[in-house]
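Q:
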Amino acid sequence: MHEITITRPDDWHLHLRDGPLLETVLPFTARRFARAIVMPNLDPPITTVAQAQAYRDRIRAALPAGLEFEPLMTLFLSEATPPAEIRLARESGIVQGVKLYPAGATTHSGGGVKQLENAFATLGALEKHDLPLLVHGEVTDPEVDIFDREARFIDRVLEPLAERFPALRIVFEHVTTREAVEFVQTARAGIAATVTPQHLLYDRNALFRGGLRPHYYCLPVLKRASHRSALLEAVAAGSPRFFLGTDSAPHLRAAKEGDRGCAGIFSAHAALELYAEAFDSAGALERLDDFASRFGAAFYRLPRNRGTVTLTRSEWTPPAHYPAGNSELVPLRACEPVRWSLKGPPD
Ligand code: NCD
Ligand code: ZN
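Numbering (our numbering), first residue to last: 12 to 358.
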């Protein structure tokens, strides 16, 4: 196959940021994806429907003329989120999920949940109003090795949560381990996962190839090769429980490269192309359409997009960086070839 045409896809996990950085990154996503679930971890986070509405307006205002794109908003769950906000979120029609960040697990998650019990009433409201819970699945216990934090989260938090709220729909975001794959495959109905391009294409050795590589650092951190294989096998098998979520998470160069550099990989510039590469490597290109354009919409109970995008098997090389204000954004695969291209006018 040298060319593949799929239904216009959606990105079910995306960081768009705000202000000038939003303007820089949004066109890359909007050229490829019809919709995206927009993460709420701004600083301060999006915790109310009113804030989500205002953020959505800013995103739409930042959209270049001629591009069609629908931001699907989320709320940041805190222990102080009242159950009434969940009803408002459901009634708003613009909020599609609520994000659980264990406090301190990742970028701008300080206001996340410390004790899950303190959020039970609000989680009950999510279940009642049938609004999905999106989960950053890592424990924050400093005693737990960083490579084990996702696996520990499953038995300590996710399994009990799924049992306590049996009708709650849950997206286990950016899964990175065999344990997560097995959990999702065998879990009760209503449980799904997003998978990023970096976790399909790289293992943890990428962090150290030729020296320390901050632009491969994201959370959950890249895992060993056997976990990458498990992820690739799961998506290549075409289970509807796994769908596309890039977790494209831009940080300016200085924030990535300094001491205590931020976690997050910017992939929006080549997201669909990189997924095509991953599926191609697994001999599963014919599954890309479902993964990118069907399973996520079905889980969120949204219609499939109209229109198509076409990818061709031809190499291109992302630049060393994209300009972003007075600074720079270093993309995934900078200066290294991507084997698939998006047909149409360039970014
Ligand atoms: C994300 C970010 O920078 O907002 N970073 C990341 O490494 N993925 C947050 C997140 O999704 O964990
Ligand atoms: Zn994320």
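We put the beta carbon where it would ideally sit given N, CA and C, even for glycine.
In this text the structure is predicted, and so the values were computed from the model without any measurement.
Using only the heavy atoms of the ligand NCD, determine whether one of them is closer than 7 Å to the beta carbon of residue 118.
A: Flag set: Cβ of residue 118 near the ligand NCD.
Q: Closest to residue 58 by CA distance: which of 89, 339, 166 is it?
A: When only C-alpha atoms are compared, the closest one is 89.
Q: Please specify which runs of the alpha helix (DSSP H), each continuous and at least 4 residues long, are wholly inside the stretch 52-86, giving them in chain order.
A: Fully enclosed alpha helix (DSSP H) runs of 4 or longer: 60-73.
Q: Would you call residue 346 buried or exposed, if buried means 16 or more other Cβ atoms sit within 10 Å of its Cβ?
A: Classification of residue 346: exposed, given that the 10 Å Cβ count is below 16.
Q: Cβ of residue 84 versus every heavy atom of the ligand ZN: is any distance shorter than 7 Å?
A: Not under cutoff, so the answer is no.
Q: Given a cut-off of 8 Å, decide if residue 311 and residue 400 are closer than it, judged by their beta-carbon atoms.
A: Because residue 400 is not part of the residues shown, which for the chain are 12 to 358, the question remains open.
Q: Where does residue 46 sit, in a helix, a strand or coil, going by DSSP?
A: Reduced to three states, the DSSP call for residue 46 is strand.
Q: With a cut-off of 8 Å, do at least 3 Cβ pairs link the stretch 66-78 to the stretch 276-284?
A: Counting Cβ pairs under 8 Å, fewer than three are found: no touch.
Q: Using the C-alpha atoms, what's the distance from residue 230 back to residue 117?
A: Taking the straight line joining both Cα atoms gives about 7 Å.
Q: Please look up how many angstroms separate the CB atoms of residue 20 and residue 255, rounded, as I've assumed it's under 8 Å.
A: About 6 Å; that satisfies the 8 Å criterion.
Q: Can we count residue 54 as close to the ligand NCD, meaning its CB is less than 7 Å from some heavy atom?
A: Checking every heavy atom of the ligand NCD against the Cβ of residue 54, none is found closer than 7 Å.
Q: Using CA coordinates, which residue listed in 294, 203, 199, 340 is at the minimum distance from residue 266?
A: Residue 266 has its Cα closest to that of 340, out of 294, 203, 199, 340.
Q: I'd like to know whether the C-beta atoms of residue 148 and residue 180 end up nearer to each other than 8 Å.
A: It is not a contact, given that the beta carbons lie outside the stated cut-off.
Q: If contact is defined by three or more beta carbon pairs under 8 Å, each pair taking one atom from either stretch, is the stretch 313-322 in contact with the stretch 246-260?
A: Contact between the stretch 246-260 and the stretch 313-322 is absent, because fewer than three Cβ pairs lie under 8 Å.
Q: Going by DSSP, what residues sit across from residue 204 in a beta bridge?
A: Residue 204 pairs with 183, 253.
Q: Tell me whether the beta-carbon of residue 303 lies closer than 8 Å to the beta-carbon of residue 285.
A: Going by C-beta atoms, residue 303 is not nearer than 8 Å to residue 285.
Q: Work out the CA separation of residue 50 and residue 100 for me, nearest whole Å.
A: Rounded to the nearest angstrom, the two C-alpha atoms are 15 Å apart.
Q: With which residues is residue 340 paired in a DSSP beta bridge?
A: DSSP, once it has assigned bridges, lists 333 as partnering residue 340.
Q: Alpha carbons only, please: which of 331, 336, 56, 189 is nearest the one belonging to residue 342?
A: Out of 331, 336, 56, 189, 331 has the C-alpha closest to the C-alpha of residue 342.
Q: Report the rounded CA-to-CA distance for residue 170 versus residue 358, giving the unit in angstroms.
A: Each residue's alpha carbon lies about 42 Å from the other.
Q: Going by Cα to Cα distance, which pick from 168, 35, 126 is closest to residue 191?
A: Closest by alpha carbon: 168.
Q: May I ask you to check if the CB of residue 47 is nearer than 7 Å to at least one heavy atom of the ligand ZN?
A: No, since every heavy atom of the ligand ZN falls outside the 7 Å radius drawn around the Cβ of residue 47.
Q: Just list the residues that DSSP pairs residue 352 with in beta bridges.
A: DSSP, once it has assigned bridges, lists 323 as partnering residue 352.
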